[in-house]
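Each remark here refers to the structure printed beneath this line.
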Amino acid sequence: MTSSRLLMVLLAGLWIGTLAAPASAQSARAKATAGVDLQARLNEAQHDPKLSESLSRIGHKVAAVCDNCHGVGGNSPKPDIPNLASQNPVYHLEQLRQYATGQRRDPFMEGMIKVMNSDEKVGMVLFYSGQKVLHKAASNTALVARGKDLYSKTCMRCHDEDGHGNENIARVAGQQPVYLHMALKRYRAGTGLRLDLAMAKEIERLSDADIDAVVDYLMSMQ
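Numbering-wise, the sequence shown is residues 518 to 739 according to my numbering.
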């Protein structure tokens, strides 16, 4: 086990053991809320400011263990790990569900999410949705301009002009570069668990140089 992975495991153990209850009780609470409709709970919070504030506080505590990979406030310090800041909470919550069911795979993520109860999950996505993405200034204006042109022709219809996406489509504005490269090339190749035929078709004609340009533009978006 690498030192970084060991650190994450230790952090997860610390979170499970101290955030709310011992591990066995935490697991029991997670199972007890497994039948909760998470999207309905999120919708309830979005229409109740007091509940939203309360769940966001819970989410802030839960997010402490996520900081090691995704950064404080969801701004990742690692170019291959995505930012969570400002992600649409409905979209984000669906990704948590997919990790819990194995539709998305990462043993560490799956293990953590499976012991979270419903309010911790909803609170976490609410917390991250309220955090701002740290803006990265463009370093190659010509490349960014080409990326903007490609984005408008290829990506904008789904991800919107500002790159903020929606409840079904991820926010890509200000996202991490290596993560974007990996994701775009995986979609283009049609490989991996997150196969999306519509997206693969849209970007199949993009060259590696085109993807470089799109990534630079996405990084610069706010």
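For glycine and all other residues, C-beta sits at the position ideal for the given N, C-alpha and C.
Remember, it's a predicted structure, so these values are computed and weren't measured experimentally.
Residue i vs residue j beta-carbon contact at 7 Å
i      : j      : result
Arg622 : Leu710 : yes
Ala730 : Gly682 : no
Leu601 : Leu559 : no
Lys670 : Met736 : no
Glu637 : Val582 : no
Pro606 : Ser646 : yes
Ala562 : Leu555 : no
Leu651 : Asn585 : no
Sequence-distant residues of its chain with Cβ nearer than 6 Å to residue i (five each side left out)
i      : result
Gly576 : Gly640, Met641, Leu643, Phe644
Ala700 : none
Asp597 : Val695, Tyr696
Gly588 : Pro594
Asp727 : Leu667
Leu613 : Ile630, Lys638
His564 : none
Status (buried if at least 16 other CB within 10 Å, exposed otherwise) for residue i
i      : result
Asn634 : buried
Gly619 : exposed
Glu721 : exposed
Leu514 : The requested residue 514 is not part of the displayed model; the chain covers only 518 to 739.
Ser724 : exposed
Ala557 : exposed
His676 : buried
Gly590 : buried
Arg674 : exposed
Nearest-angstrom Cβ-Cβ length linking residue i and residue j, presumed shorter than 8 Å
i      : j      : result
Gln604 : Arg688 : 5 Å
Range of the contiguous alpha helix (DSSP H) that encloses residue i
i      : result
Lys638 : 635-646
Asp729 : 725-737
Gln612 : 606-618
Ala580 : Neither: Ala580 is in no alpha helix (DSSP H) and is coded neither H nor E.
Val661 : 658-671
Ala562 : 555-563
Arg705 : 694-706
Ala715 : 714-720
Gly590 : No alpha helix (DSSP H) contains Gly590, which DSSP labels as neither H nor E.
Lys631 : 624-631
Residue-level contact to chain C via CB, residue i, 7 Å cutoff
i      : result
Gly576 : This model lacks chain C altogether, as it is built from one protein chain only.
Contacting residues, own chain, Cβ-Cβ under 7 Å from residue i (five flanking each side not counted)
i      : result
Val661 : Ala655, Asp733, Tyr734, Ser737
Gly680 : Arg688, Val689, Ala690, Leu735, Met738
Ala717 : Tyr704, Arg705, Gly707
His698 : Ile728, Val732
Val553 : Ser635
Contacts around residue i, its chain only, beta-carbon distance under 8 Å, and the 5 residues preceding and following it disregarded
i      : result
Gln615 : Arg621
Tyr608 : Gly682, Asn683, Glu684, Asn685, Ile686, Ala687, Arg688
Leu568 : Glu561, Ala562
Lys649 : Gly590, Ala602, Ser603
Asn657 : Asp733
Distance cut-off 6 Å: residue i Cβ against heavy atoms of the ligand GDP
i      : result
Pro694 : As for the ligand GDP, it is missing from this structure, which has no ligand bound.
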